[in-house]
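**Student:** Protein sequences appear in the order of chains A, B, C and D. Using our numbering, the letters of the first sequence map in sequence onto residues 1 to 512. Using our numbering, the letters of the second sequence map in sequence onto residues 513 to 1024. Using our numbering, the letters of the third sequence map in sequence onto residues 1025 to 1536. Using our numbering, the letters of the fourth sequence map in sequence onto residues 1537 to 2048. Using N, Cα and C, we set each Cβ at its ideal position, and we do this for glycine too.
Protein chains: 4
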Amino acid sequence: MLSKKIAGSNMKKQYTANQSVTFNNNATFCVGTGRLGLGLQKEYIDQLRLVQSEIGFKHMRGHGLFNEDLAIYQERRGFDGVLQAVEYNFTYLDLLFDSWLELGIKPFIELGFMPHAIASGTQDVFYWKGNVTPPRDYADWAALVQATLRHLLIRYGDTAATFPVEVWNEPNLGGFWKDADRAEYFKLYDVTARAVKEVDARFRIGGPAICGVDDTTWMRDFLDYVRDNAVPLDFITRHLYDISLPVTDGRYGYPTLTPLRLATGETERTRAIIDDYDEFRGMEIHVTEFNTSYSPRTPLHDTNINAAYICYLLSKLGDDCASYSYWTFGDIFEEQGVPFTPFHGGFGLVANGGIPKPTFYAFKFFSDLGDGDCVLRTDDCIVLKTDGGYRGVAWNISPASERDDLEITVALPDAAERVLVTRTVDETTCNPLKLWHDIGEPQYPSKSQTELLRASAKPLIASQPVTGAEFTLTLNPNAIVYFELSPVVSETDWGFDYERSVAVEYTVFTDR
Amino acid sequence: MLSKKIAGSNMKKQYTANQSVTFNNNATFCVGTGRLGLGLQKEYIDQLRLVQSEIGFKHMRGHGLFNEDLAIYQERRGFDGVLQAVEYNFTYLDLLFDSWLELGIKPFIELGFMPHAIASGTQDVFYWKGNVTPPRDYADWAALVQATLRHLLIRYGDTAATFPVEVWNEPNLGGFWKDADRAEYFKLYDVTARAVKEVDARFRIGGPAICGVDDTTWMRDFLDYVRDNAVPLDFITRHLYDISLPVTDGRYGYPTLTPLRLATGETERTRAIIDDYDEFRGMEIHVTEFNTSYSPRTPLHDTNINAAYICYLLSKLGDDCASYSYWTFGDIFEEQGVPFTPFHGGFGLVANGGIPKPTFYAFKFFSDLGDGDCVLRTDDCIVLKTDGGYRGVAWNISPASERDDLEITVALPDAAERVLVTRTVDETTCNPLKLWHDIGEPQYPSKSQTELLRASAKPLIASQPVTGAEFTLTLNPNAIVYFELSPVVSETDWGFDYERSVAVEYTVFTDR
Amino acid sequence: MLSKKIAGSNMKKQYTANQSVTFNNNATFCVGTGRLGLGLQKEYIDQLRLVQSEIGFKHMRGHGLFNEDLAIYQERRGFDGVLQAVEYNFTYLDLLFDSWLELGIKPFIELGFMPHAIASGTQDVFYWKGNVTPPRDYADWAALVQATLRHLLIRYGDTAATFPVEVWNEPNLGGFWKDADRAEYFKLYDVTARAVKEVDARFRIGGPAICGVDDTTWMRDFLDYVRDNAVPLDFITRHLYDISLPVTDGRYGYPTLTPLRLATGETERTRAIIDDYDEFRGMEIHVTEFNTSYSPRTPLHDTNINAAYICYLLSKLGDDCASYSYWTFGDIFEEQGVPFTPFHGGFGLVANGGIPKPTFYAFKFFSDLGDGDCVLRTDDCIVLKTDGGYRGVAWNISPASERDDLEITVALPDAAERVLVTRTVDETTCNPLKLWHDIGEPQYPSKSQTELLRASAKPLIASQPVTGAEFTLTLNPNAIVYFELSPVVSETDWGFDYERSVAVEYTVFTDR
Amino acid sequence: MLSKKIAGSNMKKQYTANQSVTFNNNATFCVGTGRLGLGLQKEYIDQLRLVQSEIGFKHMRGHGLFNEDLAIYQERRGFDGVLQAVEYNFTYLDLLFDSWLELGIKPFIELGFMPHAIASGTQDVFYWKGNVTPPRDYADWAALVQATLRHLLIRYGDTAATFPVEVWNEPNLGGFWKDADRAEYFKLYDVTARAVKEVDARFRIGGPAICGVDDTTWMRDFLDYVRDNAVPLDFITRHLYDISLPVTDGRYGYPTLTPLRLATGETERTRAIIDDYDEFRGMEIHVTEFNTSYSPRTPLHDTNINAAYICYLLSKLGDDCASYSYWTFGDIFEEQGVPFTPFHGGFGLVANGGIPKPTFYAFKFFSDLGDGDCVLRTDDCIVLKTDGGYRGVAWNISPASERDDLEITVALPDAAERVLVTRTVDETTCNPLKLWHDIGEPQYPSKSQTELLRASAKPLIASQPVTGAEFTLTLNPNAIVYFELSPVVSETDWGFDYERSVAVEYTVFTDR
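1. Just the C-alpha distance for L369/A and E266/A, rounded to the nearest angstrom, thanks.
2. Output yes if chain A places a C-beta closer than 9 Å to the C-beta of E1475/C; else output no.
3. Does the distance between the C-beta of P135/A and the nearest non-hydrogen atom of the ligand MN fall short of 8 Å?
4. Would you call the CB atoms of W395/A and C381/A closer than 9 Å?
5. Specify, as a first and last residue, the run of the alpha helix (DSSP H) that N304/A falls within.
6. Could you check if T16/A is buried or exposed, using at least 16 other CB atoms within 10 Å of its CB as the buried criterion?
7. Is there at least one Cβ from chain A nearer than 9 Å to S1027/C's Cβ?
8. Could you name the residues that DSSP lists as bridge partners for T1627/D?
9. In the structure shown, what three-state DSSP assignment does I6/A receive?
10. Sort out for me which residues DSSP pairs W395/A with in a bridge.
11. If you draw a straight line from the alpha carbon of T984/B to that of I1096/C, how long is it in whole angstroms?
12. So with CB distances below 9 Å, who are the chain D contacts of Q1467/C?
13. Which chain C residues sit within Cβ distance under 9 Å of Y252/A?
14. For E170/A, I'd like the list of residues in its chain whose CB is within less than 8 Å of its CB, leaving aside the five on either flank, ordered along the chain.
15. Could you name the residues of the stretch 1618-1641 of chain D whose beta carbon sits closer than 8 Å to any beta carbon of chain B, in the order they occur along the chain?
16. Which whole-angstrom value is the C-beta distance of D1950/D and A2005/D, which I expect to be below 8 Å?
17. What is the rounded straight-line gap between the Cα of M1025/C and the Cα of A2039/D?
18. Verify the CB distance criterion: does A71/A have a CB-CB separation below 9 Å to chain C?
19. Residue range of the beta strand (DSSP E) that V1513/C falls in?
20. Can you have a look at D1915/D and say buried or exposed, based on whether 16 or more other CB atoms are within 10 angstroms of its CB?
21. Kindly indicate the opening and closing residues of the beta strand (DSSP E) around P465/A.
22. Going residue by residue through the stretch 749-803 of chain B, where are the continuous alpha helix (DSSP H) segments of at least 4 residues, counting only ones entirely within it?
23. With a threshold of 6 Å on Cβ separation, who are the neighbours of A705/B within its own chain once the five nearest residues in sequence on each side are excluded?
24. Which residue comes first and which comes last in the beta strand (DSSP E) that contains V1445/C?
25. Got a sec: is the Cβ-Cβ distance from T815/B to anything in chain A below 9 Å?
26. Under a CB-based cut-off of 9 Å, is N1667/D close to chain B?
27. For S323/A, which beta-bridge partners are listed by DSSP?
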């Protein structure tokens, strides 16, 4: 049982907040989504509204722009079956992107997959059958891409030109791109990049959208190709997952986590490769997918340790990357079929029913943290200086065999009358997975069960006065904490005495 | 400092949930409000909406129906000052009661105070100057009462006939009724009760609305008068406050609390007096005001001990009383002037800014408790039987000198696979007063401070499996806990393993 | 151009409102919907919210309960492809019906079509590919039906038992049921009806859900079968469309309308057949689909004449039928693919973008009309008696060659001081199709264009005093009018003079 | 009866839209409000929300900042009555301005009236008793002003410094300023202006807030004083009302309207006076109140002619004035007591119950008109050039003796395929006063009556194709029309034919 803790097993750390650390907080630049067609759903939008109201991502990326359910590519055929005209239908795309923009989130466009009607083969991926073969005729593909972008420019004006454009998804896997054919992908990239720029040179274009398989050779070959053929390229994209191969049982997978010292190895290597080229040195890397596990049936995603691990990544990834898009914001997601239960190890920050998972708060905390003057960064906390105080995030990643409380004491250069306000998400304060487990893991929770789960998934807020030149945070295993240390000027009202207010006694009756 | 607790100072209690206790849960029948004219305010309605969405009271009672700000009584005078006509203006009354009824709450009408224009004197009460003298001419008063009730019948139909009607407020105090003139009040009651019944016999009428000063003689005299003069009377009203005279400092008062054994003494005595009369035996008592302190500047109101004490009262008052109306639902209240700070010891369940106080949850918990088969009632908990389980409320009233944790173990007649879900409001989980104090007691909190205070004022939800025939609750000092013990049938999905989900390890790399 | 009218071409009619007419207003019992999977969409729910807030249907029926997108029927297979278990997934069904019930609308369940995995063939219907073949094994089908109904009973309790259940859709067409195989359908009905009753006898079950092809023989054969085999049957279902075969042009069809004298012929014949059987006499007929045109690409649906024609049907169909479900409430609908434009002749009462079509108001007006004492019914109006007045609906069906204004004068048995308030929907006051046409028939209207269209689609409200024992309505071509004639008691305030208020002059300055 | 029109009495006007007219559209810079304390009311905020969502004013000005109901000035006194401390209470002010700013509207601060506690006399104004005497000690006043502004700077930061500040209201009337004492006002202005600038020099300060009595001598004396004493002055304020002395009957007044040629005479004279001073030439004039009538019981306010007259003023006042603040946005207003009826001739754009009056749309239309290239301005219309088209407002002021339809034909320099979309508010399309009259002038309309009134108060939207180089508007008496003439590019879908869609016939059955 994880809720037990070996008595006295505290870990104590002492830091000093006087560094000047480069910290690029790109936590909210982009987030992932289930395939775009699912974005028409009400539950999806409800989850997105929650995410945007508390976190506020700027862009969103997902698969399936050209999937049949969004119905963009259409053919008009006579009774004889002869093609009379190609039509593009943007009815659903408008519904989709209108609702995104209303919620303050813009597309990070992933071009893919292939409409069956113009595909060269039938190979597909996922429950929802995205076709992963090259086009029969690249002209059809280019026309589709151009028509879509032109429509976006008409509908959204200059804003549309700020939507980044990425070509395809993980072509280095045969499952996503027929035979993982490198030359064919480079052709696709080439045709697409030129077609996009032809529509409007302001569109920023990137690739190769690979994951961590053969990634170093793919990256070098891609950059060579782009350079040698003078293909437009504005940014590099890749993915990052930080687990071992999961052990599966039934529908679910149980992986282990990459140790911290190796967690950002792949992006660091990509940075090094890019910077190796004179032409590309310093070019932006956008991690267009990242998470611990790459499978939407990994219960790890729903746990507190996931939140703590992601905090670590959010504190680090900005060193090399312009963005890192958590895969995904919500659990309306169908790659392996429709989930049978609200908690099922999906990628989402929010479980179906609108229940925030612990990792939701990892992003909320880094969103609230914002930018600023970083004075401390360690493997378990980050601290920024504010006007008269400090704010930061701390976390305590605790694998099953290393479950200690963590006590962090931070020495400050200055003492003042301050208050430390903490928001704590840990296994006892904000753990909807455990509550759901305890009530029997209901497949279809009743309305009141869902409300209970939602109500339980809130950080605990606490406060304490701090007068000296240090403060201390105590984190239970897998806790994440957002804190603000702010100056206090007391405005006590005439005759108000807090201590006396709470120190109430019973009346003593002597003769009654 | 109250946040410290003497180590090992636990109190342990052992109960058995197999009684058959009479428990009348009338906690939500009625609640009090600041003077009715304040009910036009947006902030008032926002607070009421919160209260209704979480608690759901059925009736609401407050002073000032005939106060000048509601503008009901109007006179049309010529340039010569001669009265041409009396007019009744219901523009504001309609706005007020329309908004109450939209929120599902009906008036418990208190008739008073006296419009200055028809009053016999100028004595008034409160910052808002309610005139507390008898009418110059009782016919004017009766006409005003009748016009108002007739208007309500026109506007709200049969519903209006279900609004209880009470005559005046605390006439046993000279401050509320000139000279506390008993005979004059009986006359007022007599004239009013007959006038009300003349409009519609369905209106239920009650009095004498007294508080605990000379209350036994007032009550007997009142009942004698009503009996002897055959005046209509449908229910008895009185008030109940449970503190000593407060020690004042500046704007604030610091009282002590009536010991539990005496807390309901006044209503018990009233019950006995009524039942002494053949004519009135068993007649409903409506406690049209109750609280710990009778002053709107008692910081006690904002504390956790207040919530715990009120839980005790809610578990007991139904024995003798048909309702007990907490004075008041919110802090838009002006009897002593406009508050200078959000926390100021006001009567409200909700502090200005929409911040629930601990006592808010005392009512929410008894509202959620509802009715049912009571199997245990003690001085610190109440348990009802449900379908396959139990639900209840527990509390730990802890004066400053008796601050112990309380461990309650309840033995059950039956064992089963169950889950215990608790919602805990205590000094560490839901204590907005302390947070406000720690951040400097800001007079005019910023929007983000108010949001922080609101977010902090939530119960902590926890769960644990219970398999045997007993369960245990642990309550910190002044905690109140709502709990449900419900049967669990596990619906574990194919391959899902909770323990394995949370027991994640780091990957071990042997050669990397 | 239709907006011109030949001068002086008024039609005048004179009626007397003193009949006692049987009028069963079942206009709001049921409405149709696009396939259920579309009900997950936000735009669908937004349209439904509008419909429910203004009209308030009680039930809703649509195809596709068992379609793959709702994902109910699932198979668990090993890597060898061997079936390990059948699973039913109600995640999406719960989302769907939860949102319906929140909007106050209950399912009228249509069981169909066949999950591909248990179908005997591959024939399908519609863009969205509903499989229309019998099950390979009827036991699989019965298990699916039973599992679904049992789940509904668990989730919605007694309410679920009030959902009517219909077996399949239009089996008399080969497109909807392989070979329109009558015997096979009777088998399906037999197995299904018994399976349903086995779950809970309170479920009401009906069929044969046929349209107007071979309908008389189908109906008799069905009733014979049910009677001879003692199959449960609680009500009869059929469809009704009132157009000729449309002339098509591109995507669209242009039909003519059935003359009024023949419009309800099919339901009258069905009534006669049923009443011919001793066993079934008087049994409820539910018209589970009706409209003018049966094609979702008939611009007629979006016109004012459609609204007027539907008013006629709503005034008549209750004579023989317990309900008549307009096909459909909204334009999120994919039978012929995703619409390219907001107005495209879809079935919906609401066009995409939330724009009410004229026919929306036909239903709103009959919803507002409600039940009551019918004193007049003609081919162009219906009048009910109210407390002190009258309310009714009038319409002026005006084919292109018969475009006259219609002046209806209704003589009343009683004169009184009254006001006639009219809400008029006609080609000039509420004609969003024309406005959309005038602004260029935009495929993807901008937000402001959509708002303009929505704002334009409101009835014009007018009033006039009526003092005598008659009143007159004037209807432009294809107008529909809801009217209330209500008693007026003037409450003129002191010194207020309406005529003087509006008769303002300029100041005359003689010497300035 | 006004609804009759003499046949053939059309007025025809022909204009050419090729001018280059200076048109300053300041219609939405500021609006008036009932006394600030009323701003705490929910109904007030509901009306303001409606106004802001459709019109969007930038500032709001009203009386009573220092009135007792806002409770800013407070004194702390001992039991002996001796003043111990002056306190400022901003609890209500924060509620008020927070809610304004949430709705996007900023204060235009009017400093006044005098708290009774620091006033030199007891003279007051209005039902709500604003004290209109100078301070006993100007230091108390200056301290109050400074404390208030400092609080606003703390709460709202830089935004607060953009709130314009005006000193007092109509001191040229003895009713608003004791004895209309000119020298005393100049002293008040002097002390106040210096006190304001001492707090923050960014505050812009203005006066003398006079109405049209002795206005020319007041204005000159004020400017002389300010110049001679080097008192800060950033802008000039005055008021404008355009009626004769009303004839009164009971509670109501019936005035005549100033002819158009004289309507802006007062502001023109003020402009001339200011520009006469070298020091003040070109200084902004803010008309901090304007309307037709200056009395809140003038039924004229609720009529269509009021809307038409206001359109004229909105087209002209920008010539001389930086703003002109319509007095007032809503009918929560108590200067003459609480209204007895929803329509009572109040100043509001919105009647109580949230019913827009015709004049509401005068402001909405000028808000929608916005700024731009003015190509035509006459006494009955204004036209701006847009990208490819035109937009404008037209009105037809029709006193009782001059009720003609007005036909305006505007010649354009360019012909194109365009659509003319009009929004018409006139006596038949949007006249809630008439509807309220017809239903009996109910004092306390039921919920459904209020909804009817609200639904009736919408502009009628119509469209027509325009192909030539001119367009024509037809306006009924007292109509106001907003129009847009926009280019049309038809996007007709494949096979869609509008004319054919609406030209439906009955099916002809030859042998049935």
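**Tutor:** Walking through what the data contain:
1. 26 Å
2. no
3. What this structure holds is no ligand at all, so the ligand MN is not there to describe.
4. yes
5. N304 to K316
6. exposed
7. In this prediction, S1027/C has a pLDDT of 40, which is less than 50 and means its spatial position is unreliable; nothing more can be read from the coordinates.
8. Looking at the DSSP assignment, T1627/D forms no beta bridge with any residue, so it has no partner.
9. In this prediction, I6/A scores a pLDDT of 48, lower than 50, which makes its location untrustworthy; the coordinate-derived value is nonetheless stated afterwards. DSSP places I6/A in coil when its eight states are reduced to three.
10. I480/A
11. 42 Å
12. E2027 and D2029
13. Ordered by position in chain C, no residue passes the 9 Å Cβ test against Y252/A, which lies about 13 Å from the chain.
14. F176, W177, A209, I210, C211 and H239
15. E1623, N1625, F1626, T1627, Y1628, D1630, L1631, D1634 and S1635
16. 6 Å
17. Confidence in M1025/C is poor, its pLDDT being 37 and thus under 50, which makes the residue's placement too unreliable to answer from.
18. yes
19. That residue, V1513/C, is in no beta strand (DSSP E); it is neither H nor E in DSSP.
20. exposed
21. L460 to V466
22. 772-775 and 777-787
23. I717, V743 and P744
24. R1442 to V1449
25. yes
26. no
27. H286/A
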